[in-house]
Structures are given as structure tokens and as C-alpha cells.
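Inspection log for the structure reproduced underneath, given as C-alpha cells.
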Amino acid sequence: MSDFHDDLDEPIEEPGPEGNGEPERRSLYRHPLAALGGALIAAGVFAFVVLAAVDIAFQGENPYRALVTFVGAPAVITVGVIFFLLGARIQVRQARKRGEKVRFMLRVEPSDPRYMRNLWLFLGLTGVFIAIVGWSGFKAYEATDSVSFCGESCHVMDPQNVTYQNGPHARVACVECHIGPGGSFWVKSKIDGIRQVIATATNSYDRPIKTPVEDLRPAQETCEGCHWPEQFFGQKLIDRTYFRTDEANSPWTISLLVNVGGGNPRTGELEGIHWHMLSDIEVEYIATDERRQEISWVRSTDPETGEVTVYADADREYPDPDDPDTEIRSFDCMDCHNRPSHSFQPPATSLNLELTNGNLSSELPFIRRLGLDLLNAEYETHDEATAAIADGLQNFYNTEYPDEADDFADRIRQATEVLQRVYVNNFFPEYKTDYRART
């Protein structure tokens, strides 16, 4: 490497004309490759300055602008520098083959103003290059960790992005859960991102994206940064309103008292659903399917007493726990609260909610049954679905209730908008993703 750098920084000297003892200096950088590198550097710097100014002027997140500014332009500059240095090296090697003298260039020569100007120019441009690359690296780091980059720049993530925006964690950045604090998981995620980029470029990614995510960071290191298990205790009253599929869309309400449990602040006892979150007792399980929805074997181990309790379903087959190849997983938050930020609601759930909130008029006859039929139908695209929903609603009431159709017009129009919104937010036929694939 030292020879390489020496080669690049040495001028070429040829004997001067007769009668002149001064050697003639010829630039190292006249090689076509070096000229191309210089042009790329100039173009990259110009593009970077313009785009960086635009990025500063418009503070809103734009993943495409950030990628071009802080990844694309610096990449062009870097390629230009490489070409420039390679061209200079080729020039030096050719000079040596011709027997011309090459001497080291990077030294202070106050007696040579031209050389000193070039030296300061070289050092200045090197400093600018380092500053651009350094700042771009930091901004690229920020950009690739942004919500807009995760959700908008990669169209494959459209289902996840839409449900995230409509979910309870919409104000929590993607990286807070998918990467978390520390550098090791950040590096791991970026390396895995290369595989994902290749899969997207070659159109070989999974449809739908497989769940659960195999290499997701342990939930205790992410979820518990916001959700403190010790503060989830006692009971929680939940009222749920459901609607039947009869003509009147008859409602009925169920009240549930959920024993969230955890640590009882009065007795100090562990109780309820979260009892295991506040103890040293380890709870493990064996899943018999890839989605970890079928669990036939559970083991609870108390490290203090050494007591081991096994719960097994005698009517189901499951792998031998003593087999070293059997995957025994420890329960964490995600095993129960799976996909908390990417919930694809079934039509029945969505319609119950819209009817409860009054967005969907229960005075429209059979609207719940009709909504279920229209939402569960098979469509190829969002455009096809929205058109079919509008036609289906209008045709049904024109046919079944011709005398009342005009009176229902406003409610039908509102119902059309609601059902279309429900479909667009929960069904993604292009990616084969909906509540049936993401349960």
C-alpha cells in the first residue's frame, strides 16, 4: 500500500530542452481515467451541495431525497476519487517504464509557488471530501433509521406501513422495536437489509412476508423500555359491542373483566395474566407450527426451588423435549402480544367498530352482512376492490329496496367510503396479505 500512495503523489520529471537544466514536470493526472474521476468528483460535489441545500430548506422527511443526497452523491464522489487515483497510478507506472524520474510530491516547497498552490488545493479538496463523506454517513444513518425510509422507500413494506400508521405504536419509530438500542443489532439489521434489498430487486421476496420474524430482538430489550411490567396489575373492564347479520343489524354488548395481573401492590403476590413477567420463573414452550400458534407443551421452572412443572396436551403430538434438535422457546411479550403494531383487522371486527362509532349507519338494512360479503370477496387490486364495493352496495339496495334507495343515498355513499377505507387499510391483494395471512 505504501508504494501505491507514493506512486500517486509523485510528479514525473523529464529532461528539459537542450541548454535548460531544469527538468520538465508533467502532470500525473492527464490520464483519461483520472480525468473521468475528476469529472465525477465535480459532478458529485455539485449535486451534493444542491441537494443538501434542498434538504436543509425542506425539513420534512423524504426517503428518496435523503438516499440520493446522502448515499447517491457521496457514492459518485467516492467512485470519482477511486478513478482519479487509479489514473494517476497508471500514469506513474507508464512513466517508470519509460525510464522517467518520479519523485515524492507531498512536501513543502516554498520556492515553488505553483507546486504549493496545487498542494494546498489537494489538501483542501481532501478535507472537503472527508467532511462530505463524514456528514453524509451520519445523515444516511439518520435517514435509514427513519420511519419514512422503512415504510415509504420500500414498497414491499406497504402493508406493514399502513397498519403501523393506523396502529397504537404510530408515534414509535420502527427502529425502536425492530432494532433497539446498541450497535450490535444495528449492524446485524443493516447486514440483513442487504439480503432484503436483493430479494426486492429480484422480486423474490415472500408474499406475504413471513411471521413471526425469526431474528427479532428479545422483547424485554425493546418492549419494556416503554411498558413497565410492574405497573400492569389488577383487573381491566372491557365492553365490546357486536352486531348481528340480520336486517336490523341488531347489537349486543359483552362486558369482560380481564385479570391483567402482574404484581399486586397490596399483597405483593404474583397473579393474573402477567404473573410470569415479574418472577424469576422461566416459562418455556414448544410450538408445532411455524407461526407458533399451536402450542402443545409448556414447562415452568422455578430457579429457587428447582421445581419443574410440565403442561402437555395428551391428544396432540409434539416433538420430544429431550431431543437436542427440538426448539424450546422462552415466553416473551411477542408470544402473546404478536404483531402489536401491524394489526390486520378481520372484516367482522372492523364493521363492529365502525357501527359502534356511528361511521357506518346501522339503519341500512343488512349492512353488516353485505359488508362482510363485499370485504371477504377476492380481488386482484385495491382499485378493483373499491369499484366492486361501490357497485355492490348500490346494486344491492337498488334491487332489494328500490322504493327506499333514494332515501338511503347519503347513507349508501357514507357506507361506500367506510367499506373502501376498511379494505384499503387491511387488505393488500398485491402482496397476498390480509387478516387471514397475518393471524
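Per my numbering, residue 8 is the first one in the sequence shown, and the count goes up by one each step. Quick reminder that beta carbons are idealized off the backbone N, C-alpha and C, glycines included.
Asked                                                                                                                                                        : Found
If you measure between the beta carbons of Tyr386 and Pro436, is that distance less than 8 Å?                                                                : yes
Between which residues of its own chain and Ser143 is the CB-CB distance below 7 Å, once the five residues before and five after are set aside?              : Phe77, Pro81
Give me the DSSP bridge partner(s) of Thr151.                                                                                                                : DSSP lists no partner for Thr151.
Can Lys439 be considered in contact with the ligand HEM, in the sense that its beta carbon sits closer than 7 Å to one or more heavy atoms?                  : Ligands displayed in this structure: none; no statement on the ligand HEM is therefore possible.
Mark Asp327 as exposed unless 16 or more other C-beta atoms lie within 10 angstroms of its C-beta, in which case mark it buried.                             : exposed
With a threshold of 8 Å, are at least 3 pairs of Cβ atoms found where one atom belongs to the region 138-154 and the other to the region 396-416?            : no
Which first and last residues belong to the alpha helix (DSSP H) in which Ser357 is found?                                                                   : 354-364
How big is the Cα-Cα spacing for Ser196 and Ile374?                                                                                                          : 45 Å
Is DSSP giving Ile288 helix, strand or coil here?                                                                                                            : coil
Just verifying my parser: in three-state terms, what is the DSSP assignment at Leu263?                                                                       : strand
Rank Leu126, Ala42, Glu159 by C-alpha distance to the C-alpha of Asn69 and give the top, closest one.                                                        : Glu159
DSSP on Glu334, reduced to helix/strand/coil?                                                                                                                : coil
How is the alpha helix (DSSP H) around Ile216 delimited, first residue to last?                                                                              : Where Ile216 is concerned, there is no enclosing alpha helix (DSSP H), given that its DSSP letter is neither H nor E.
Are the beta-carbon atoms of Val305 and Tyr325 separated by less than 8 Å?                                                                                   : no
What did DSSP end up calling Arg428 once you bin it into helix, strand or coil?                                                                              : helix
Which two residues bound the contiguous alpha helix (DSSP H) that contains Ile396?                                                                           : 389-407
Taking the alpha-carbon positions, what's the Leu360 to Ser337 distance?                                                                                     : 35 Å
Assuming the contact rule is C-beta atoms closer than 8 Å, Asn433 and Leu362 should be a hit. Round their C-beta distance to whole Å, please.                : Incorrect: roughly 16 Å between the Cβ atoms, too far for contact.
Suppose the cutoff is 6 Å on Cβ atoms and the five residues either side in sequence are ignored; what does the same chain contact list for Phe156 look like? : Pro70, Ala150
Relative to the C-alpha of Ser262, which candidate in Asp253, Leu358, Arg247, Met341 has its C-alpha closest?                                                : Arg247
Gly365 to Ile280, Cα distance in whole Å?                                                                                                                    : 33 Å
Just the C-alpha distance for Glu297 and Gly190, rounded to the nearest angstrom, thanks.                                                                    : 29 Å
From the DSSP output, in three-state form, read off Thr229 for me.                                                                                           : coil
Identify the residues that DSSP records as bridge partners of Gln98: which are they?                                                                         : Partner(s): none; Gln98 has no beta bridge.
Over the uninterrupted beta strand (DSSP E) stretch that includes Ala319, give me the two end residues.                                                      : 315-319
Tell me the DSSP bridge mates of Ala294?                                                                                                                     : Ile302
So what's Gln421 in DSSP terms, helix, strand or just coil?                                                                                                  : helix
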